[in-house]
Structure formats: structure tokens, C-alpha cells
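For what it's worth, numbering that gives the first Met the number 0 labels the leading residue of the sequence shown as 0, then goes sequentially.
Data block below; observations after.
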Amino acid sequence: MNTEEKQKNTWIFIMAGQSNMAGRGLIEPQDTIPSERILTINKNGQIVIAKEPLHFYEPSMAGLDCGLSFGKSLLKNIPDSITILMLPTAIGGSSISQWLGDSTYRNVRLLSNFIEKVNLGKKYGVIKGILWHQGESDANENNASLYKVRLQKLIEKFREVVGINNLPVLIGELGSYSDNNNYWSLINKQIESYVSTDNNAYVIKTNDLKDKGDKVHFNSIGQRLLGQRFAKAFLGIKN
């Protein structure tokens with residue numbers, strides 16, 4: 000296979016958002032079984048075979064995310080010639096306005112890091128989509144009602160950076176287990192409202208997923224199911 004064919008057969012997905020995309024689930028043995036067709040990067044930017052945790056920005060908090068589950072679900076439904084490259088960029092606790100403003104949060108400049116990973120990815124393959132899960136940090140009186148407008152601006156920016164105007168963006172809703180459920184529900188309504196205006200954005204439902212006991216983060220089963228649902232949504236676009 001020549002370089003051009005190899006690039007065409009490497010599908011890249013960027014994981015962005017805050018802690019439920021970065022992953023806080025308990026990593027169990029099944030989450031460390033690698034596939035040679037699912038790749039990621041390490042903290043030095045080197046391509047490696049993926050195993051959980053994929054995110055490395057917050058070592059003391061690293062946990063199970065949805066990336067490997069997403070990749071494994073895709074592999075069951077795509078040609079054997081395809082390799083998947085997952086690029087992690089999510090940072091726990093980050094707000095959408097921090098992403099828009101390219102703020103430095105937990106020692107990572109959010110949008111600049113996203114751009115860096117996009118440029119890295121383009122050397123290896125074709126960017127096929129973005130997996131976004133964020134909004135817990137915006138679920139408050141001052142920010143929840145502004146989420147749709149900010150999300151639209153950020154997704155426009157993401158697509159501009161990637162250079163694909165109709166790039167699929169898969170957006171996971173917040174869980175339904177929060178003590179702050181009124182504002183979490185408002186964020187989800189804002190997401191649904193935005194997606195209704197964007198033919199290339201897709202909502203991933205999470206209302207039945209369970210938390211890990213902290214009323215904030217999906218548990219391990221929830222993360223695996225989230226990955227499967229992201230994959231199902233993407234495969235629905237392809238068919």
C-alpha cells in the first residue's frame with residue numbers, strides 16, 4: 000500500500016470537551032486489550048497502538064474514556080483495510096468559552112492544542128469527525144442559556160481548522176443524574192436546538208447512562224456505551 004492509499008485508509012477522530020470525554024471511569028482488563036487497527040498518540044506526539052486511558056493531560060485523574068469502545072465498535076462495521084486514529088484533546092473542567100478563547104487550562108492551551116492535533120493527524124490520514132462532550136462547566140445561571148450560540152461558534156471554528164465545512168460533529172448530551180439537573184437539562188436542550196440547525200451535527204443520548212457515584216462522571220459501563228453510541232451515529236451518517 001502506497002502512502003496515499005495508507006492515508007486514505009486511516010480514519011481520524013478528534014476527541015474534545017471536558018472530563019466526561021477525557022474519561023474518569025474505572026479502567027478494567029477488557030479496556031486494555033489493544034487492536035492493531037486502533038491507534039492514538041502518546042504525550043510525545045508519537046503514534047501508538049491505543050489502550051485506555053487515551054487521554055494523558057491529567058495523569059492523576061486519567062480514567063476510562065469512550066475512545067477505544069468507539070474504535071472497536073467501528074471496526075466491526077467498516078472494511079478491514081481501514082485503521083482508526085483517535086486524537087485526544089479533552090481537558091477536565093474546561094468551559095466552552097475557554098475553548099472559544101483559546102484559554103490555557105490545566106497547562107493546556109485548548110484550541111491551540113486542538114489545532115496542533117489536527118495538523119498532526121493530517122500527516123497520517125483523513126479527519127472523519129469530532130466527538131464532543133462538554134457542558135457541565137457551563138451548567139449554571141450565567142452560561143447555560145448561551146450554550147447554543149457558543150457551540151455554534153466553536154463548531155464553525157473546528158471545521159475551519161480542519162478545512163471541511165460539512166465535517167460530522169457528534170455531540171454527547173450530559174447525563175441525567177446530576178444534583179444540578181435543571182441546568183444540565185438546559186444544556187441538553189441547547190445542544191438539541193443547535194443540532195436541529197446543523198445537518199452535520201448529531202446528538203448522542205445519555206439519559207439512561209449511570210454515574211460513577213459522584214453525580215458528575217459516567218461510570219465504566221456508561222463510557223463503553225457512549226463510545227458505542229458515537230460509533231452508531233457515525234455509521235448512520237455513512238449509510
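Note that the Cβ used here is the ideal one computed from N, Cα and C, for glycine as well.
Element boundaries [beta strand (DSSP E), containing residue i]
i    : result
L84  : 82-87
I170 : 168-171
I37  : 37-40
Segment limits, alpha helix (DSSP H) that includes residue i
i    : result
A21  : 18-21
G120 : 109-121
L99  : 95-99
L67  : 66-74
L150 : 146-161
L185 : 180-194
K7   : 2-7
Candidates the options: closest to residue i by CA position
i    : options                : result
Q29  : Q17, N43, E51          : E51
D210 : S18, P78, E4           : S18
T88  : D79, L109, I11, D101   : L109
Y56  : V160, I32, R36, T103   : T103
K231 : K75, K42, M85          : K75
L208 : V125, K116, E172, M85  : E172
N180 : N139, N106, I129, V161 : N139
V148 : W183, V125, I114, T196 : T196
7 Å Cβ shell around residue i - same chain, five flanking residues per side excluded
i    : result
N199 : N165, L166, P167, V168
Cβ neighbour criterion (16 or more within 10 Å) applied to residue i
i    : result
D178 : exposed
E3   : exposed
E159 : exposed
L25  : exposed
E135 : buried
I32  : exposed
G235 : exposed
I170 : buried
Own chain residues within Cβ distance below 6 Å of residue i, not counting five before or after
i    : result
L146 : Per the sequence presented here, residue 146 reads as Tyr, with Leu not at that position. Cβ within range, chain order: D137, I186, Q189.
K42  : F55
R23  : G62, H216
F69  : G226, F229, A230
Same chain only: Cβ atoms within 8 Å of residue i, ignoring 5 sequence neighbours per side
i    : result
L119 : I40, G44, L86
Any non-hydrogen atom of the ligand SAH within 7 Å of residue i CB
i   : result
P78 : Absence of the ligand SAH from the depicted structure is noted, as is the absence of any ligand whatsoever, leaving it without description.
Cβ pair count under 8 Å reaching 3, the stretch 181-192 against the stretch 34-43: no
Is there contact between the stretch 54-71 and the stretch 218-235, where contact requires at least three CB pairs shorter than 8 Å? yes
Stretch-stretch touch, CB-based, cutoff 8 Å, three pairs: the stretch 90-102 with the stretch 143-161: yes
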